[in-house]
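In this note's numbering, the protein residues as written are 31 to 295.
Beta carbons: idealized from backbone N, C-alpha and C, even for Gly.
This report refers to the structure that appears directly beneath it.
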């Protein structure tokens, strides 16, 4: 019918068996053959049309005679594109910080656990950077929260710029961020990333006619040398960050190099 022709972007019925529609039909036939004992089947189908991706749900049910013999199948195709797009938006909103677009704490921990699980079976080195903006409350108090939000957004953009595509940057609340650096050859490789981040953040940001400069305190912990558990790695990176806070700010500290005397902590 016309609706089917529109879905598959076909000019007329003569076009039904052209590639790739023929492949789609063959794929359906194979699934139906493999599962012909099931009374009802559902699966999703993605189709690209005019540069746009569309999603459809194929609902196939058995047609039987009075003796319950299978005499055919009824296939109904539903356009679920808008529903899928809405679900994607909801999933993104649930997993990302609304101000900066970075992943949030909960989603970061989920991703990090998956990465650590894979790394436990390899010689991979991973670094966690616990990051806090220095004197951010003073900036908020002096210039207002709108300016503070702009600085947070700028910080997030620079953090993303400083890492690889397969690394993770997250905002975990307020003025605190976390970065996971994966696939390091040595722990010292994380230091070059950290120094790059510090240098980027120090660059002045012009906000409403005023040049503002901020700095960071960064604490580092390493998988597997400091711990193989995410919560423990976060705790140690956080402790290292507070060491920097208490010893001049605008710097970084590795957990392994913290002096554990009460006076320095």
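Residue 177: member of the alpha helix (DSSP H) spanning 175-192, first to last residue. Around the CB of residue 223, 16 or more other CB atoms lie within 10 Å, so the residue is classed as buried. In the structure shown, residue 241 falls within a strand segment according to DSSP collapsed to helix, strand and coil. DSSP, reduced to helix, strand and coil, places residue 97 outside both helices and strands of the structure shown, so it counts as coil.
DSSP, read as helix, strand or coil, puts residue 280 in coil. In the DSSP assignment, residue 272 falls within the unbroken alpha helix (DSSP H) covering 260-275.
For residue 213, the closest C-alpha among the options 154, 263, 181 is that of 154.
Taking the C-beta atoms as reference points, residue 230 is found nearer than 8 Å to residue 192. Rounded to whole angstroms, the gap between the alpha carbons of residue 120 and residue 131 is 14 Å. Look at the beta carbons and you see the stretch 234-252 not touching the stretch 130-147: under three pairs across the two are nearer than 8 Å.
Between the C-alpha atoms of residue 135 and residue 220 there is a straight-line separation of about 21 Å. Counting along the chain, no alpha helix (DSSP H) covers residue 257, and no H or E run does either. According to the DSSP assignment, residue 231 belongs to the alpha helix (DSSP H) that extends over 218-232.
Three or more Cβ pairs drawn from the stretch 242-249 and the stretch 269-279 lie within less than 8 Å of each other, which places the two stretches in contact.
In this model, residue 268 and residue 128 are separated by some 23 Å (Cα to Cα). Beyond the five residues adjoining it in sequence on each side, residue 258 comes within less than 8 Å, by CB distance, of 146, 150 in the same chain, given in chain order. At least 8 Å separates the beta-carbon of residue 160 from that of residue 228. With contact defined as three or more Cβ pairs closer than 8 Å, the stretch 108-115 and the stretch 79-89 are in contact.
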